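Have a look at the structure below before the remarks.
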Amino acid sequence: MSSLVSDKPKAEPARTYDGPPDYRVVGQHGMYPHLSHDEISRFNFLAHMNRHLSTQIMPGVKEAFDARVEPKFAAANGRGFKDRHEVRKALLKDSLFQWWSALRRATMETRQQAGRWVTLRQADQLNAKAKALTEHDQRLKLNPDLPLPRYVEAIDHHCMPGSYHTELTDGDVTGPCNYDIGIFATTGGMLGRYNDGGGQAIAAWVKETLPDLKPKRILDIGAGLGHNVLPIAQAFPDAEVVAIDVGAPMLRYGLARAKTMGVDNISFVQGDVSDLSDLADESFDMIHSCMFLHETSYASMPKIFAETHRLLKPGGIVFHVEQPQYTPEMPLFEQAMRDWDAFYNNEPFWTKMHEVDLDSWMVSAGFARDKLMHSGVAAVVDPDVFPQAAKDTKQEDYGRKAAWHVVGAVK
Amino acid sequence: MSKIDPLALAGAKSKGKRPYFLETDVERLTNIVLVLAQELAVVRERTDTLERLLEQSGVLTRQEIETFTPTKQQADERGAWTQEYLARVFRVLQQEREALHTQEASSEEVADELAKV
Ligand SMILES: C[S@@+](CC[C@H](N)C(=O)[O-])C[C@H]1O[C@@H](n2cnc3c(N)ncnc32)[C@H](O)[C@@H]1O
Chain A
162 MSSLVSDKPK
172 AEPARTYDGP
182 PDYRVVGQHG
192 MYPHLSHDEI
202 SRFNFLAHMN
212 RHLSTQIMPG
222 VKEAFDARVE
232 PKFAAANGRG
242 FKDRHEVRKA
252 LLKDSLFQWW
262 SALRRATMET
272 RQQAGRWVTL
282 RQADQLNAKA
292 KALTEHDQRL
302 KLNPDLPLPR
312 YVEAIDHHCM
322 PGSYHTELTD
332 GDVTGPCNYD
342 IGIFATTGGM
352 LGRYNDGGGQ
362 AIAAWVKETL
372 PDLKPKRILD
382 IGAGLGHNVL
392 PIAQAFPDAE
402 VVAIDVGAPM
412 LRYGLARAKT
422 MGVDNISFVQ
432 GDVSDLSDLA
442 DESFDMIHSC
452 MFLHETSYAS
462 MPKIFAETHR
472 LLKPGGIVFH
482 VEQPQYTPEM
492 PLFEQAMRDW
502 DAFYNNEPFW
512 TKMHEVDLDS
522 WMVSAGFARD
532 KLMHSGVAAV
542 VDPDVFPQAA
552 KDTKQEDYGR
562 KAAWHVVGAV
572 K
Chain B
710 MSKIDPLALA
720 GAKSKGKRPY
730 FLETDVERLT
740 NIVLVLAQEL
750 AVVRERTDTL
760 ERLLEQSGVL
770 TRQEIETFTP
780 TKQQADERGA
790 WTQEYLARVF
800 RVLQQEREAL
810 HTQEASSEEV
820 ADELAKV
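Chains as they are written, first to last, in this note's numbering: chain A, 162 to 572; chain B, 710 to 826.
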């Protein structure tokens, strides 16, 4: 034996591991694509990359801000920052912010490529599977003539090529499938096995806040592929749930996915939620959106709020789950960091939506001010497998943190 | 054959003008390096799987890997591989150095010269 090699007993690990779990804990529902060993390793790497960026590099951005960005601005202007845009523009000149941003953007693009490779190489099988599961199923209601809102068409949200609506071929579901399988990488596993930590938190919040609510009909607006509506449908198994989205591939994949997970009380309906005239007045007991409003527009928001008011039964509840609004109490640095996704991850309306007074918008739509409600929810995930979002103090990923605000009203 | 070509489409651009934070070429290179780092992690994880499976099936132990000492012959072979590898990676610098000592015409100049009658 070489003298370099020690025969000491095996060393204790140098540190206790605290990081994302292996990708294989992600829940394999029936629409899950096949992932090879290397494809899984790519997602593992990307989850770590995102966590590294948020826990190791991003804190440096705050340090650089305090140490040089803010003092430099004050020296040059003889005053502090007026608003978050000034902060962001000053940060853009700082090399640590530049490097963090360049790597964050690169990681997002790399994640898209990694996921698209997986789904596109087996597109025919995935599309055939979705077809077999959804064909002739009355719960999938598509409307190929529905015009796409400008805010969906203008830019591919979160750098997801083709966004929520593009179909590469008839019956395509590769877009939503890519979205689904890569969330683990973007969030470092913070949203749980089925990426439904948000929906689970919402379901628990509703039960706690309104223990007597027995909704017969539930409407999810901008439901996407249904990640977060599934736990709600499961929490209210006797309710009829309607999940609406503009993107046909999302809905097709959503129904197929839900069926393979044994959730059967959701219809997936293609529609623009700023005009739901097909649905009767006062026909829902509960209407909600999850991470949806920030991908709309000022022109459509009042229409959306008005529709929720019209569709809600008296005594029913409406609520929207979003990242917190930019209030005067929120430091400008935090606001600027939260704006990152708006400007650099193709979420343009994020910055605009987060500055409005949602309460007034709700009141203008007809809800009584004294019936408004505000709360907060944090992702519920299996603590044996996933680092628990609410307790993970190390990860301040600003707009991507797995904790949200709820603003709602009882009619 | 599927109509969808994953090689062409996986890396498609998302709609919306791309921001750059660094000098564009530096940022392009950063993107390339990130993917190489990813692929290195992929290979590393695969090797790790291999080692663990081999250990599980009793073919070898990871202790044997850790304590492996190449013979002189094996070490020479590995050293040679590393030298070739580095020579490939740093070709551009080698050529830069060679160019220091030469005065050469460009292809364009040679072409002009060859076109003279
Ligand atoms: C960020 S996703 C949120 C998805 C889902 N609620 C969740 O929790 O994961 C936003 C979704 O809203 C949809 N959307 C945007 N504008 C819409 C509109 N006017 N009507 C219906 N859906 C819309 C998009 O197609 C997209 O699927």
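C-beta: ideal position from N, C-alpha, C; glycine also.
Only a predicted model underlies this, so the values are computations on that prediction, with no experimental measurement involved.
- Just so you know, the alpha carbons of V403/A and D439/A end up roughly 13 Å apart.
- Within the model, the alpha-carbon separation for E786/B versus A796/B is close to 15 Å.
- Among the bridge pairs identified by DSSP, Q431/A is matched with D406/A.
- Three or more beta-carbon pairs separated by less than 8 Å are not found between the stretch 306 to 323 of chain A and the stretch 360 to 379 of chain A, which leaves the two stretches without contact.
- Cα atoms of E736/B and S262/A: separation of roughly 10 Å, rounded to the nearest angstrom.
- Taken through DSSP and simplified to helix, strand or coil, A820/B comes out as helix.
- Here Q496/A is near Y487/A, since their CB atoms are less than 7 Å apart.
- For T347/A, the number of other beta carbons within 10 angstroms of its own is at least 16, and it is reported as buried.
- Contact annotation: F445/A and L416/A have beta-carbon atoms that are not nearer than 7 Å.
- Annotation for E483/A: no alpha helix (DSSP H) segment contains it, though the beta strand (DSSP E) segment containing it runs L473 to E483.
- For A564/A, the enclosing beta strand (DSSP E) has its first and last residue at A564 to V571.
- For chain B, the residues of the stretch 310 to 332 of chain A that bring a beta carbon within less than 9 Å of one of its beta carbons are E314, A315, I316, D317, H318, H319, C320, M321, P322, G323, S324, L329 and T330, in chain order.
- Counting only Cβ-Cβ distances below 7 Å, W565/A has no contacts in chain B at all, with the closest Cβ about 25 Å away.
- At least one heavy atom of ligand 1 lies closer than 6 Å to the C-beta of P310/A.
- Between the stretch 223 to 236 of chain A and the stretch 558 to 571 of chain A, the count of C-beta pairs closer than 8 Å stays below three; the two stretches do not touch.
- Taking every protein chain shown into account, the CB of R176/A has fewer than 16 other CB atoms within 10 angstroms, so this residue is exposed.
- By the criterion of a C-beta distance shorter than 6 Å, F480/A is surrounded in its chain by H449, V567 and G569, once the five residues flanking it on both sides are discounted.
- Per the coordinates, the alpha-carbon of S536/A lies some 19 Å from the alpha-carbon of I382/A.
- Contacts between H246/A and chain B, judged by CB atoms closer than 7 Å, are missing: the closest CB pair is about 15 Å apart.
- Of the other Cβ atoms in all chains shown, 16 or more fall within 10 Å of the Cβ of P392/A; this residue is therefore buried.
- Assignment of beta-bridge partners to F445/A by DSSP yields L473/A.
- Rounded to the nearest angstrom, the gap between the Cα atoms of A419/A and I342/A is 15 Å.
- When rounded, the separation of the alpha-carbon atoms in T770/B and R761/B is 8 Å.
- The closest CA to that of R229/A, considering only K254/A, H246/A and A208/A, is found on K254/A.
- At a C-beta separation below 8 Å, Q782/B has no neighbours in chain A, since its nearest C-beta there lies roughly 16 Å away.
- Residue burial annotation: Y340/A is buried, with at least 16 other C-beta atoms found within 10 angstroms of its C-beta.
- Using a Cβ distance threshold of 7 Å, Y459/A and V334/A do not count as a contacting pair.
- Taking every protein chain shown into account, the CB of N238/A has fewer than 16 other CB atoms within 10 angstroms, so this residue is exposed.
- Of the candidates W501/A, M523/A, G527/A and W522/A, W501/A places its Cα closest to the Cα of P728/B.
- Membership of L380/A in the beta strand (DSSP E) is indicated by the continuous run R378 to I382.
- Scanning its chain for C-beta atoms nearer than 6 Å, with the 5 sequence neighbours on each side dropped, one finds no residue around S723/B.
- Each residue's CA atom was taken as its position, placing E369/A and H470/A some 23 Å apart.
- Secondary structure note for G343/A: its alpha helix (DSSP H) is the uninterrupted segment T335 to T348.
- Contact with chain A is absent for T733/B, since none of that chain's Cβ atoms lies less than 7 Å from the residue's Cβ.
- For S256/A, there is no enclosing beta strand (DSSP E); the enclosing alpha helix (DSSP H) covers residues S256 to R282.
- Spatial neighbours of T330/A in its own chain (CB-CB distance under 8 Å, excluding positions within 5 residues in sequence) are listed in chain order as A284 and N288.
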